[in-house]
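Quick notes on the structure that follows.
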Amino acid sequence: MEKDIESRLLDTRTPKVAYLVPDGVDAAVLTTALAGAGFPHALEIVGGDEYLTVECEPRDRERVRDVIAQVSRHHYAASGLTLGTVRFSDEH
């Protein structure tokens, strides 16, 4: 099944967003939350950076952003890690 997701995410016709996982954030925590919210995703390491590619329709971008932001707030708030606004790669 993972290969099916990766194949879909590699397809240029598949609607998706990419998110650079900030330093200090465990990508597994994000992937668990995204899976729980029903978003297929894959983790890719590019030049030492971790990117989450998430399959989602344009109308669901804000929902994906909210899932990531909630994890950041709830899981990392006590650590003092400041993560800022969730931005996707195409928004920079």
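In the numbering used here, the protein residues as written are 5 to 96.
Just so it is clear, CB atoms sit at the ideal spot from N, CA and C, and this is done for glycine as well.
Within 8 Å, strictly: CB atoms of residue i and residue j
{"i": "L56", "j": "Y80", "result": "no"}
{"i": "V25", "j": "L34", "result": "yes"}
{"i": "A41", "j": "V71", "result": "yes"}
{"i": "E59", "j": "L13", "result": "yes"}
In DSSP terms, what residue i is bridged to
{"i": "V90", "result": "Beta-bridge pairing links V90 to no other residue."}
{"i": "V47", "result": "The residue asked about is misnamed: residue 47 is Leu in this sequence, not Val. Bridge partners of L47: L56."}
{"i": "T22", "result": "According to the sequence shown, residue 22 is Ala rather than Thr. Looking at the DSSP assignment, A22 forms a beta bridge with T57."}
Distance between residue j and residue i (C-alpha atoms, nearest Å)
{"i": "P62", "j": "R17", "result": "12 Å"}
{"i": "E10", "j": "E48", "result": "10 Å"}
{"i": "A31", "j": "D64", "result": "20 Å"}
{"i": "V90", "j": "A73", "result": "6 Å"}
{"i": "V29", "j": "E95", "result": "20 Å"}
{"i": "T36", "j": "R67", "result": "15 Å"}
Classification of residue i by the beta-carbon crowding that lies within 10 angstroms, buried from 16 upward
{"i": "R69", "result": "buried"}
{"i": "L85", "result": "exposed"}
Closer than 7 Å: residue i CB and nearest the ligand FAD heavy atom
{"i": "H96", "result": "In terms of ligand content, the structure shown is empty, and the ligand FAD therefore cannot be addressed."}
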